[in-house]
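Counting with this note's numbering, you get residues 699 to 812 for the letters of the sequence shown.
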Amino acid sequence: PEAMTRRAHALMREGLPRLKAQQGSDGGFGYFRSSPSVPHITAYICSLLLLCSTADPSLRPLCDQLLRYLRAQRADGAQGWGRDSDKRPYWYCKAETVTLSVLFFLSEAGCLDF
């Protein structure tokens with residue numbers, strides 16, 4: 699178990715800079731580095747980081763930044779986190795699916811009180 703814990707911490711140290719490099723200028727994450735940020739991808743990443751932050755509290759500031767992004771997106775559209783549009787690419791989810799995804803990922807991380 700101790701060797702696994704050390705390996706997990708090493709992987710986090712290696713992967714975190716790569717993850718941060720994918721982050722958009724608005725604070726969220728998209729499907730790709732050059733794509734716009736989307737709430738459900740950001741919530742997925744946030745939920746994983748929240749789970750990891752119990753073992754590594756240094757992740758909490760990034761989690762808080764992602765939660766601020768999600769709050770701002772939610773405040774922008776009071777009906778949820780998704781916005782339906784005919785201009786969206788075919789792979790973009792419907793608004794209800796995006797909102798449910800955000801709620802699911804945040805609930806899995808125990809963070810619905812934000």
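The beta carbon of each residue, even a glycine, is placed where N, CA and C say it ideally should be.
Option nearest residue i by Cα separation, candidates the options
{"i": "Gly722", "options": "Thr797, Leu798, Tyr767 and Glu806", "result": "Tyr767"}
{"i": "Gly708", "options": "Ala753, His738, Asp724 and Gln763", "result": "In the sequence as presented, Gly is not what sits at residue 708; that position holds Ala. Of the listed residues, the one whose Cα sits closest to Ala708 is Ala753."}
{"i": "Leu801", "options": "Cys744, Pro755, Pro759 and Arg758", "result": "Cys744"}
{"i": "Gly713", "options": "Phe803, Pro734 and Leu757", "result": "Leu757"}
Separation of residue j from residue i, as counted between CA atoms
{"i": "Thr740", "j": "Ser732", "result": "14 Å"}
{"i": "Arg711", "j": "Pro699", "result": "18 Å"}
{"i": "Ser799", "j": "Arg769", "result": "15 Å"}
{"i": "Leu746", "j": "Phe727", "result": "13 Å"}
{"i": "Cys761", "j": "Ser751", "result": "8 Å"}
{"i": "Arg704", "j": "Gln763", "result": "26 Å"}
{"i": "Ala706", "j": "Ala719", "result": "20 Å"}
{"i": "Pro715", "j": "Pro759", "result": "14 Å"}
{"i": "Ser805", "j": "Thr797", "result": "12 Å"}
{"i": "Cys809", "j": "Asp724", "result": "21 Å"}
{"i": "Leu717", "j": "Met702", "result": "21 Å"}
Test item: CB-CB of residue i and residue j under 8 Å
{"i": "Ala807", "j": "Leu749", "result": "yes"}
{"i": "Phe803", "j": "Tyr729", "result": "no"}
{"i": "Pro737", "j": "Gln771", "result": "yes"}
| request: Give, in chain order, every unbroken run of the alpha helix (DSSP H) that is at least 4 residues long and sits entirely within the region 699 to 770. | output: 700 to 719 and 737 to 751
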